[in-house]
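Take a look at the structure below.
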Amino acid sequence: MLDPKRVRNQTEEIARRLAVKNYKFDQAAFEKLEEQRRTLQVRSETLQSEQNKRSKSIGKAKAAGEDIKPLLDEVDNLKTQRSEAEEQFKVLQDELNNFLAGIPNVPDESVPTGDSEEDNVEVRHWGKIPSYDFEPKDHVSLGENLGGLDFEIATKLAHSRFAVMRGPLARLHRALAQFMMDLHTREHGYTEAYVPYLVNADALYGTGQLPKFEADLFKTEGEKPLYLIPTAEVPVTNLVSDTILDAGELPISLVCHTPCFRSEAGSYGRDTRGMIRQHQFDKVEMVHIVRPEDSEATLEALTGHAEKVLQLLELPYRVVQLCGGDLGFAAACTYDLEVWLPGQDKYREISSCSNTRDFQARRMGARWRNPETGKPEPVHTLNGSGLAVGRALIAVMENYQQADGSITVPEVLKPYMGGTERIQ
RNA sequence: GGAGAGGUGGGUGAGUGGCUGAAACCAGCUCCCUGCUAAGGAGCCAUACGCAUUGCGCGUAUCGAGGGUUCGAAUCCCUCCCUCUCCGCCA
Numbered sequence: 004m005l006d007p008k009r010v011r012n013q014t015e016e017i018a019r020r021l022a023v024k025n026y027k028f029d030q031a032a033f034e035k036l037e038e039q040r041r042t043l044q045v046r047s048e049t050l051q052s053e054q055n056k057r058s059k060s061i062g063k064a065k066a067a068g069e070d071i072k073p074l075l076d077e078v079d080n081l082k083t084q085r086s087e088a089e090e091q092f093k094v095l096q097d098e099l100n101n102f103l104a105g106i107p108n109v110p111d112e113s114v115p116t117g118d119s120e121e122d123n124v125e126v127r128h129w130g131k132i133p134s135y136d137f138e139p140k141d142h143v144s145l146g147e148n149l150g151g152l153d154f155e156i157a158t159k160l161a162h163s164r165f166a167v168m169r170g171p172l173a174r175l176h177r178a179l180a181q182f183m184m185d186l187h188t189r190e191h192g193y194t195e196a197y198v199p200y201l202v203n204a205d206a207l208y209g210t211g212q213l214p215k216f217e218a219d220l221f222k223t224e225g226e227k228p229l230y231l232i233p234t235a236e237v238p239v240t241n242l243v244s245d246t247i248l249d250a251g252e253l254p255i256s257l258v259c260h261t262p263c264f265r266s267e268a269g270s271y272g273r274d275t276r277g278m279i280r281q282h283q284f285d286k287v288e289m290v291h292i293v294r295p296e297d298s299e300a301t302l303e304a305l306t307g308h309a310e311k312v313l314q315l316l317e318l319p320y321r322v323v324q325l326c327g328g329d330l331g332f333a334a335a336c337t338y339d340l341e342v343w344l345p346g347q348d349k350y351r352e353i354s355s356c357s358n359t360r361d362f363q364a365r366r367m368g369a370r371w372r373n374p375e376t377g378k379p380e381p382v383h384t385l386n387g388s389g390l391a392v393g394r395a396l397i398a399v400m401e402n403y404q405q406a407d408g409s410i411t412v413p414e415v416l417k418p419y420m421g422g423t424e425r426i427q
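First residue of the first sequence: 4, per this note's numbering; consecutive thereafter.
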């Protein structure tokens, strides 16, 4: 949610920057709503104030033994007017709230313009794209060959876009997650978190998935529906919802390994082969709750932490800054990490690190008491994958494949693989 | 799942229809006093929104949530949510 005051006072500026995100801000509609709101609010509050005064005087008159009948009639009249004005005000406020809640976050000035992935800007790259003296296979072929990676059996159990892993590949998958968690907690100063995999609508509203993107989520049946988390960002960031934090509690840095569930509505036909795009995948997620002045530096650090995973795994990657059109609803600035996949002969997203600034904080009521002002102010929240575990598995398989179809185990994963050096 | 108790400000905890946005205490902040320490004194100390804005400000809402009764509700009624205790069940 954008700061309503800011939208009011810097309407032009907001509209201009939202345009970078290909969002057309309806300035006229907003100004009209805002003016109506003001009129109705003042009217309804004034009437309420009058009524309160009368009611108080009734108490006094009664105590003094006076006739209160005329006062009662007066109040009765006020009441009718008031409830009418209140009704209108409520309707309008809902309208205005929905309007504001539907506006995406304003992109940073540094965000390049553009419509799609094509317009993202490479910031840096790391590692050397490998060359092979054989035709590199993709992870599906490698998995087929090795056994232990099965999509058909998963379809039997659930649906398409699921996978079953068994044996050393399943272990490699687990090893990756463990390695990442250990790295972030031991070397990068994160606190490990364990959270619910089902969350309520409020939490999803807080991080920005609702109300606009319900179609991307899996929802449970029943009177009080819950949603499967699309990312740990949702429960972990919401840990500070409706909270006023002391300055001394910041920054908060959490890392959490969870499965993630996405309906992938609207992605029919995309990445249908293999594990790239699944309804269920594991991810290690890093979340930061910081003072506003620290968020820019934190985004750089956070991105660096995700990069470190790839570096230690010795996987070539590049960092791109997302253009306006590719930026998520809640993000003001996002770096994607794209790992090199020999099987596809291209870079594919494996991590996304975003600064949402005060956007999520405002929606979820996450604040800190700023010692300089003494007032509660929204914190800044950031999140980034470190990394998507399923995609990391793919990357390891494809980059560590040998001519015979076997896969050597990356050095840093060996301790997690019980001495296994090679999967064959 | 069964039975009971309870949800009030950062914390403890008063408050059964009007003068209570809320006593008191603790924590915190400011000032005074005191040569250290300890103690003492005065004051401040919820949040959101709106209006006004040179400044003090003024108004509305909020005592788990929603609805109702009433001129008036933290206080009465209804529904829901949550927490705690005991029993049952269970990883």
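Note that CB positions come from ideal geometry on N, CA and C, so glycine has one too. Just so it is clear, the structure is predicted and the values come from calculations on it, not from any experiment.
Through-space distance from residue j to residue i, alpha-carbon basis
i: Q428; j: D141; result: The question about residue 428 has no answer, for the chain in this structure spans 4 to 427.
i: R20; j: F332; result: 14 Å
i: G421; j: V124; result: 41 Å
i: V323; j: Q281; result: 23 Å
i: L43; j: K93; result: 9 Å
i: D97; j: S113; result: 33 Å
Candidates the options, of which the one nearest residue i by Cα
i: V258; options: K222, Q212, G272, G387; result: G387
i: A32; options: E53, F102, S58; result: F102
i: L305; options: H187, N12, G151; result: H187
i: R370; options: S357, G209, R276, L390; result: G209
i: P345; options: N55, L213, E401; result: E401
i: A268; options: L242, D219, P262; result: D219
i: T49; options: V382, L152, A88; result: A88
i: H260; options: I247, D285, D249; result: D285
i: L253; options: N373, P238, P7, S270; result: N373
i: P413; options: A364, A398, D407; result: A398
i: P319; options: G328, I292, E296, Y350; result: Y350
i: S266; options: P233, D274, V198; result: P233
i: E288; options: G327, E224, M183, P139; result: M183
i: S354; options: P381, C326, R321, G327; result: R321
Counted within 10 angstroms of its Cβ, other Cβ atoms place residue i as buried (16 or more) or exposed
i: H162; result: exposed
i: G146; result: buried
i: N55; result: exposed
i: A335; result: buried
i: E424; result: exposed
i: Y338; result: buried
i: I106; result: buried
i: T301; result: buried
i: L160; result: exposed
i: Q404; result: buried
Residues that DSSP places opposite residue i in a beta bridge
i: Y338; result: Q324, C356
i: R127; result: V322
i: S256; result: H291
i: D245; result: The partner list for D245 (beta bridge, DSSP) is empty, contrary to what the question assumes.
i: E236; result: Answer is none; E236 lacks a bridge partner.
i: T411; result: R425
i: M168; result: L152
i: E195; result: V258
i: L330; result: Paired residues: none, contrary to the question.
Residue i CB to nearest heavy atom of the ligand FAD below 8 Å
i: I353; result: Of ligands this structure carries none, so the ligand FAD is not represented either.
Could I get the ranges of all uninterrupted beta strand (DSSP E) runs contained in the region 265-327, with 3 residues as the minimum, in chain order? 283-293, 320-324
Taking only runs that begin and end inside the region 48-106, name each unbroken beta strand (DSSP E) of 3 or more residues, in chain order. none
Runs of 3 residues minimum, wholly inside the region 363-396: which ones carry the beta strand (DSSP E) assignment? 369-372, 379-381, 383-391
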